[in-house]
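Each residue of the sequence shown is one higher than the one before, starting from 5 at the first, in our numbering.
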Amino acid sequence: MAKKRQKKYLFLIAVVLIAAVTLSGAFILALTSTGKTRLDAEYYGAAGETPIDTEEYEQLLKQQKSFIVASAATACSSDILDFIDRFSETEKISYYYINWSNFTNSSTGDAIQYPPTVFIVSKGKIVAYLDSDAANDVEKYNNYDDFLSWMRENIDF
5 MAKKRQKKYL FLIAVVLIAA VTLSGAFILA LTSTGKTRLD AEYYGAAGET
55 PIDTEEYEQL LKQQKSFIVA SAATACSSDI LDFIDRFSET EKISYYYINW
105 SNFTNSSTGD AIQYPPTVFI VSKGKIVAYL DSDAANDVEK YNNYDDFLSW
155 MRENIDF
């Protein structure tokens, strides 16, 4: 009978220890998580734009990559495109450019309604984007410091 009770206590202690370790890990993860996207390593350390088409974009999504994309209509002129270039040069983070018509033909083309835009993809999913038609994004399109703040809120660098 004593052996049975001893096994019961050992089992209970093991369960409590496993629960404590699991909860500690979750707590540490919650404390260290910033909610920001960590881009794949290849995008850090080198500035510049890489033009891509729909097929290349879809391949990046399929590979569950994390990256930045700028997109605009062919004849579009916007400060936002200058801002992303400046950001890339200053922070040494590269990004992709996809023409708006190519983006709208992609599997995520309905996620963003209006060009121009800059968006962030994390593990193959669009997690943040600038909406040229949204009142709360207007300053990010007109002021580099506001654009930079948005980038810093959304990207871990």
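The beta carbon of each residue, even a glycine, is placed where N, CA and C say it ideally should be.
Because the structure is a prediction, the values reported are computed rather than measured.
Going by Cα to Cα distance, which pick from the options is closest to residue i?
i, options, result
"R42", "I97, D137, K66", "I97"
"D57", "I72, K127, G49, N109", "N109"
"K144", "C80, Y101, N106, D86", "D86"
"I88", "I22, I124, D114", "I124"
"L65", "S126, T54, Y101", "S126"
"I116", "I102, Y101, N146, L134", "L134"
"R156", "P55, I72, T54, I22", "I72"
"Y99", "D141, I22, T54", "T54"
If we count the other Cβ atoms within 10 Å of its Cβ and call it buried at 16 or more, is residue i buried or exposed?
i, result
"N158", "buried"
"P120", "buried"
"Y118", "exposed"
"I17", "exposed"
"A50", "exposed"
"F151", "buried"
"F107", "buried"
"A74", "buried"
"I22", "exposed"
Given a cut-off of 8 Å, decide if residue j and residue i are closer than it, judged by their beta-carbon atoms.
i, j, result
"V122", "I84", "yes"
"E62", "S136", "no"
"D44", "S70", "yes"
"Y148", "R90", "yes"
"W104", "A77", "yes"
"E95", "F161", "yes"
"S92", "G52", "yes"
"G128", "Q68", "yes"
Please classify residue i: does DSSP put it in a helix, a strand, or coil?
i, result
"Y118", "coil"
"T41", "strand"
Please confirm whether residue i has its beta-carbon closer than 8 Å to some beta-carbon of chain B.
i, result
"S111", "This model lacks chain B altogether, as it is built from one protein chain only."
Let me know the alpha helix (DSSP H) ranges lying completely inside the stretch 83-145, each 4 residues or longer, listed in chain order. List check, alpha helix (DSSP H) in window: 83-95, 104-108.
Quick one: complete alpha helix (DSSP H) runs, 4+ long, within the stretch 45-88? Here the runs fully enclosed are 58-66.
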